[in-house]
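Report on the following structure.
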Amino acid sequence: SRMLRRRTGLRLRDLGPMRAARREALLDLSLTDRRSGYPLEMVVRAADAGWRVTERDVPYLPRTGRSKVTGTWRGTWQAVHDMRAVLAREPGAAPGSGAAADVVPEDVRDERAGAR
């Protein structure tokens, strides 16, 4: 979380699986990671694009099975590698160059403000 804060200025405690965003705005982020870096890449690119990113507490139950990612050395290494690659990219860098958070694009923020 310290590296994420340094890279984006966001103060998040967790990268949970739930996010909310408009489809077109999400596609405009040009997300490329299809493994462990995907949740982090989404948050990083959203922050770079000027989206408001907030964190909400949600109720949950403990996992019933074993983790596919951090349950093995290889999975853990791959997750760390993927996340470091996302954080190493310069803001606005092209995809592939050398991530529960609500991710809310500007137009949704404007709609919410108008509905109040």
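Just so we're on the same page, our numbering is the position in the sequence shown counted from 1, plus 13. By construction, the Cβ of each residue, glycine as well, lies at the ideal position given by its N, Cα and C atoms.
Buried versus exposed, by CB contacts within 10 Å (16 or more), residue i
i, result
"P108", "Its pLDDT being 48, under 50, P108 is placed unreliably in this model, and the value from its coordinates should be taken loosely. Exposed is the call here."
"D95", "buried"
"T213", "Past the edges of the chain, shown from 14 to 129, lies residue 213, and the structure says nothing about it."
"A101", "exposed"
"G63", "exposed"
"L42", "buried"
"V57", "buried"
"L44", "buried"
"L74", "exposed"
"R20", "buried"
Run of the alpha helix (DSSP H) containing residue i, from where it starts to where it stops
i, result
"R87", "W86 to A101"
"R36", "R36 to D41"
"P52", "Y51 to D61"
"M16", "R15 to T21"
Nearest-angstrom Cβ-Cβ length linking residue i and residue j, presumed shorter than 8 Å
i, j, result
"V99", "D46", "6 Å"
Residue i Cβ short of 7 Å to the ligand COA heavy atom set
i, result
"P104", "No copy of the ligand COA occurs in the structure displayed, which carries no ligand at all."
### Query
Between the stretch 49 to 62 and the stretch 18 to 38, do at least 3 Cβ pairs fall closer than 8 Å?
The stretch 49 to 62 vs the stretch 18 to 38: in contact.
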